[in-house]
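> Encoded as C-alpha cells, here's the structure I'll be asking about.
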Amino acid sequence: MADFLGMMKQAAQLQSKMQAMQEELGNVEVEGISGGGLVAVRMTAKMEVKGVKIDPSLMKAEEREVLEDLLVTAHNDARRKAEAAMQEKMQALTGGLGLPPGLGLT
Numbered sequence: 291m292a293d294f295l296g297m298m299k300q301a302a303q304l305q306s307k308m309q310a311m312q313e314e315l316g317n318v319e320v321e322g323i324s325g326g327g328l329v330a331v332r333m334t335a336k337m338e339v340k341g342v343k344i345d346p347s348l349m350k351a352e353e354r355e356v357l358e359d360l361l362v363t364a365h366n367d368a369r370r371k372a373e374a375a376m377q378e379k380m381q382a383l384t385g386g387l388g389l390p391p392g393l394g395l396t
C-alpha cells in the first residue's frame, strides 16, 4: 500500500511539473530561417508563431512563389527546432522516471 501511495504522490508531482513545463514552453522561442536568412519565422516551443521577417528584396510580384516556398521552409525549420526544445524539456522532466519515449505526456 505504501508503494501505491508513493506512486500516487510521484504522479501528482509529475503532473505539477508537466503543467509548469507547459507554461515554460510558451516562453521558449526558436527561429526558423530559410533562403540564407531572407525569411525567418519565430515561434514558441508550443508551436505558436510569434513573428515573420521577410527581406524586402523578396517583395516583388515575380518572386511570389519563391517567397511562399521560403516561408514554408522557414516555418518547418522553426517547427523542428520547437519540437527539439520541447523534447529536451520533456527529457529533463521525465529523465529520472524511466518512462518510455513518446508516452504522450505533452
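Residue 291 is where the sequence shown starts when you use the working numbering, and the numbers rise one by one after that.
Positions of the beta carbon are idealized from the N, C-alpha and C atoms, including for glycine.
#1: If contacts are defined as beta-carbon pairs under 8 Å, then S324 and A375 qualify, I think. What distance do you get, rounded to the angstrom?
#2: Are the beta-carbon atoms of K340 and M333 separated by less than 7 Å?
#3: Give me the Cβ distance between L383 and K307, rounded to the nearest whole Å; I'm assuming they're in contact under 8 Å.
#4: Would you mind stating whether L304 and A335 have Cβ atoms separated by less than 7 Å?
#5: Need the endpoints of the alpha helix (DSSP H) that L368 sits in, please.
#6: Classify K361: buried if its beta carbon has 16 or more other beta carbons within 10 angstroms, exposed otherwise.
#7: Looking only at DSSP bridge pairs, what is A330 linked to?
Taking the structure as given:
#1: 19 Å between Cβ atoms; not a contact.
#2: yes
#3: 5 Å
#4: no
#5: In the sequence on display, residue 368 carries Ala and not Leu. Element bounds for A368: 354-384.
#6: According to the sequence provided, residue 361 is Leu. The question's Lys does not apply to it. So L361 ends up on the buried side.
#7: I323, K343
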